[in-house]
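Engineer: Got a structure for you, written out below as structure tokens; questions coming shortly.
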Amino acid sequence: MSYLADLPPAQPDAAFSLIANFKADTAEHKVDLCPGFYRDDNAQPWVLPSVALAKEQIHADPSLNHEHLPLAGHPEFLLGSQKLVFGKTRDLKRVASIQTVSGTGANHMAALLLATNLKPKRVWISNPSWINHKEIWKLVGPDVEQRFYPYYDTVHHRVDIEAMTRTLRKEACEGDVIILHACAHNPTGADLTRQQWETVAEICKESGLFAVFDMAYQGFASGDLDQDASAITHFFDRSDLEFAVAQSFSKNFGLYGERPESLGPMATGPGDDE
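Counting from 3, one number per residue, gives the positions in the sequence shown under this note's numbering.
Next comes the structure, spelled out in structure tokens:
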């Protein structure tokens, strides 16, 4: 008797299915817009010179070993990740970070942390959004109702901030989780202005929402790392909001195969060791 013989086949992943369809397409002048990979003029993977140099330095380091990392991850990597988001001058005592496997892993850990401890009744996801947001919350929080806030105005090709804020003010409740795209919104590419982010932050405070920032494209929206993290630093500088950041380097470092990401929950309070 086999315990595994009758397992149903896994459902195909939408994103990877699209990639497979592209590879199978015999069109001569096809263009791959599916994943966020760096490519050269011949559509081949391109390694950033800074990444190539870092790899050379790592392999030349005689102290390199493969011992266990601390439970939270590589300390220098985590500190560098925090500084890349929050800057080098802010007091980071209120921030706790863990190293995760991929941006999906960071989002998964955030969802698991919140579903287990905050126990929200609802999670708010932009319409449209990255396909895995729904799948992750379906897995870790099957009892959490998924709600969708309006985001993109398909007529005027901009963020529908009026519908978004109206929905959140009217329907979001204290303790709900809201997923926000820090920059380069996936899939629309349309981002909130500084003033609009200030409005959303105020709604989160007034309604008691816990924000999860998904930041997979830092540097791609404006070309400036600090500018692309400005929504997060605005939340941080208020000092009256708790939130989490799922931070990915797969795209902006071209390191999809390495899966270097982190999750950084940020708590309010004085920032002592507790």
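Yeah, the Cβ is synthetic: ideal placement off N, Cα and C, and Gly gets one too.
#1: Give the range of the alpha helix (DSSP H) segment to which R168 is assigned.
#2: Apart from the five residues just before and just after I60, which ones in its own chain have a Cβ nearer than 8 Å to its Cβ?
#3: Give me the DSSP bridge partner(s) of R124.
#4: Taking the beta strand (DSSP E) that A192 belongs to, which residues open and close that run?
#5: Could you round the C-beta distance between D15 and F24 to whole angstroms and report it? I think they count as a contact, below 8 Å.
#6: Rounded to whole angstroms, what's the CA-CA distance from E173 to L243? Just pull it up for me.
#7: Given this structure, state the Cα-to-Cα distance separating W139 from P51, to the nearest angstrom.
#8: Around the Cβ of K123, are there at least 16 other Cβ atoms within 10 angstroms (buried) or fewer (exposed)?
#9: Which one or two residues does DSSP pair with L141 in a beta bridge?
#10: Measuring alpha carbon to alpha carbon, tell me which residue in T195, E200, F238, Q249 is nearest R92.
#11: Look up S250 in the DSSP assignment and say whether it is helix, strand or coil.
Structural biologist: Answer, in terms of the structure:
#1: Where R168 is concerned, the enclosing alpha helix (DSSP H) stretches over 163 to 173.
#2: L66
#3: E147
#4: First-last for A192: undefined, no H or E at that position.
#5: 14 Å between Cβ atoms; not a contact.
#6: 20 Å
#7: 37 Å
#8: exposed
#9: According to DSSP, which records beta bridges pairwise, L141 is partnered with nothing at all.
#10: That would be F238, whose Cα lies nearest to the Cα of R92.
#11: strand
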